[in-house]
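In the numbering used here, the protein residues as written are -6 to 494.
Where is the CB? At the ideal position from N, CA and C, for every residue including glycine.
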C-alpha cells in the first residue's frame, strides 16, 4: 500500500513536470499545436488524472490506520511522513472527483484560452500536491505541501499573461505566503509543546509543558488560524479571492474555489483537532475571535456578492462567504457543528465548481461576463442553466438539495454548543446569508428563462459540447443526490467529529 500512496502523489507531479520540460525545450513556445497534438495531449492528461484519482481513492479506502510512509527525514526527528486517516479519506475523495471532472471540462474550454500544454502541466502537478496534502501525516509535511500548492497554483491564475492576471497572481502569492508564514510561526511552538508533530485525533499537546505558557500558545494558535484562513478566504485576509477568480481561466476558478479553498479548511482542522485539541481553545478568546471573524466573513461575502455585477467575481465573493460557513462550524467546537462543516466542505466543492463551470460556458459560448448580459440565456442553453439552477438551490440550502443538510447541522450544532450569544447569532447570520445567496443566484435563472423586455424574437442554440456539459451535469446531479441520500456521508462525518472531541 505504501507504493500506491507514493504513486498517487508523485505520478501526476512527475508527469506534469515532464510536460513542462518538453514545452521549455521547444524552440517556438508560442506556436499553436496541431489538432493531432492537442488530442494526444488531452489523452495523456486524462489518463494521468484518471489513474491518479483511482490510485488515491484506492489507497484512501483500502489502507488501514497502521499504514504510514516515511519518505525521508528533514531533521533528526522530523520526517516527511504520509499517513491516511478518515479526514484524509474524505478530502482526497471529493478532491479527486472534482479535479478529474474539471480537467475533462478543460479540454474544450482551454481552446478559448490557449497555451494548453502549460496549463495542463501545472494542473496535473497540483493534483499530486493536493493528494500529498490530504495524506500528510504530520504538520511539517502538511506545511511543505501547503507552500508547494501555493506556488504551483500561481501559474493557473496568471495563465493569460495580461497585466491584470499577473497582478492578481502576485496578490494571491503575497497573501498565501503571508498566511503560510503565520502558520510556520505556530509550528515552532507546536514543536516545543506537543508530544509529537504527527496528527493524532484529539491532539498531542502536552498539558504539563503548556501549563505555564498558555498565553503565548493561544496567540500562536490564533496566528495559525488566521494564516491558514487566508486560503479559506477568511476576513481580513480574503481579498485575493475576488481578485484572482475573474482573471483565471474558468476551470482554474472552479478548482480554486471548490478545492484550493478547502485546503485552508483542512489545515485548520489538522491544527485545531489533531494538534492542540479542541479543549485547549474552548471558551478562550481565541474561540471568540475566530467565531467573530467567520461570521463577519459570512455576512460580508454574501452582501458583496449580492452587489457585484461581474458574474465570476460574484461567485468569488460567494466563496468567501460559504467557506466561512465551514469555519464557523469548526469554531463552534461541537460534534454536530463539525459534522455540518465537513458536509459543507464536500457539498460546496461540488456546488461551486459547477457554478464556475457555468460561468465558463457563458464566456466560452457567448463571451458574456456580466450579470446584466445574461437575460434569455436559459433559452439559448437550457441544459446548462438547469445545471446552474440545481447547484444554486443547493448553495442556498433549499431541501432536498445538499446544502440544506449541512446548514441544518451547522445551525443545530451552534445552538447546542454552549457558546453563549454566538449560539443564536450564528444561525441568524447563516439565515440572512442564505437569503442574500438566493438574491444573487436565482435572478440569473429567472431572467435566463423569462427575459421580459430583453427578449429576442429568436434564440440560437449555444449549448456547449459534451466535454463541458457532462462534467457540469455530473456535479449538478451530485449536489441533489447527496441531499436526497445523505446518510452514509453524515455517518462518516459524524464518526470523524466524534473521534476528535
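Assignment of residue 416 by DSSP, reduced to helix, strand and coil, places it in the helix class.
Residue range 71 to 76 is occupied by the beta strand (DSSP E) that includes residue 73.
Fully enclosed alpha helix (DSSP H) runs of no fewer than 4 residues occupy 109 to 128 and 132 to 150 of the region 100 to 152, in order along the chain. Between the alpha carbons of residue 213 and residue 354 lies a gap of roughly 44 Å.
Here DSSP, grouped into helix, strand and coil, assigns residue 303 to strand.
Following the DSSP letters along the chain, one finds residue 331 inside the alpha helix (DSSP H) bounded by residues 328 to 359. Within the DSSP secondary-structure output, residue 191 pairs in a beta bridge with 131. Comparing alpha-carbon positions, the option among 466, 209, 460 and 414 lying closest to residue 382 turns out to be 466. In the three-state reduction of the DSSP assignment, residue 228 falls in the coil class.
Taking 8 Å as the cut-off, the Cβ atoms of residue 39 and residue 1 do not count as close. Contact between the region 424 to 443 and the region 301 to 316 is present, with at least three C-beta pairs closer than 8 Å. With a cutoff of 8 Å on beta-carbon distance, residue 399 and residue 337 are scored as near each other. Within the same chain, 41 and 117 come within 6 Å of residue 8 by CB-CB distance, once the 5 residues on both sides are set aside.
With distances taken between CA atoms, residue 340 lies nearest to 471 out of 271, 231, 445 and 471. For residue 223, there is no enclosing alpha helix (DSSP H), as DSSP marks it with neither H nor E. For residue 61, the enclosing beta strand (DSSP E) begins and ends at 61 to 68. In the structure shown, residue 468 adopts helical secondary structure according to DSSP, grouped into three states. CA-CA distance, residue 268 to residue 155, rounds to 42 Å. Within the DSSP secondary-structure output, residue 198 pairs in a beta bridge with 187. With fewer than 16 neighbouring CB atoms inside 10 Å of its own CB, residue 17 falls in the exposed class. Cβ contact annotation for residue 195 (same chain, cutoff 7 Å, sequence separation greater than five): 270 and 493, in chain order. It is roughly 8 Å from the alpha-carbon of residue 255 to the alpha-carbon of residue 316. In the DSSP annotation of this structure, residue 363 is not part of any alpha helix (DSSP H), being labelled neither H nor E. Per the coordinates, the alpha-carbon of residue 299 lies some 13 Å from the alpha-carbon of residue 389.
A distance below 8 Å separates the beta carbons of residue 287 and residue 321.
By the Cβ rule, the region 126 to 141 counts as touching the region 66 to 76, because three or more pairs are nearer than 8 Å. Within its own chain, the residues whose Cβ lies closer than 6 Å to the Cβ of residue 162, once the five positions on either side in sequence are excluded, are 147, 150 and 151, listed in chain order.
A straight-line Cα-Cα distance of about 29 Å links residue 479 and residue 283. For residue 410, there is no enclosing alpha helix (DSSP H), since its DSSP letter is neither H nor E.
Cβ neighbours of residue 166 within its own chain (closer than 6 Å, five residues either side excluded): 147. Counting only residues of its own chain and dropping the five nearest sequence neighbours on each side, residue 454 has a CB closer than 8 Å to the CB of 373 and 374. Residue 100 sits close to residue 460, with the two beta carbons spaced by under 8 Å. Counting only the Cα atoms, residue 377 lies some 7 Å from residue 351. Inter-residue distance for residue 258 and residue 111 is about 28 Å (C-alpha atoms, whole angstroms).
For residue 49, the closest of -4, 273 and 253 by C-alpha to C-alpha distance is -4.
In this structure, the beta-carbon distance from residue 261 to residue 221 falls below 8 Å.
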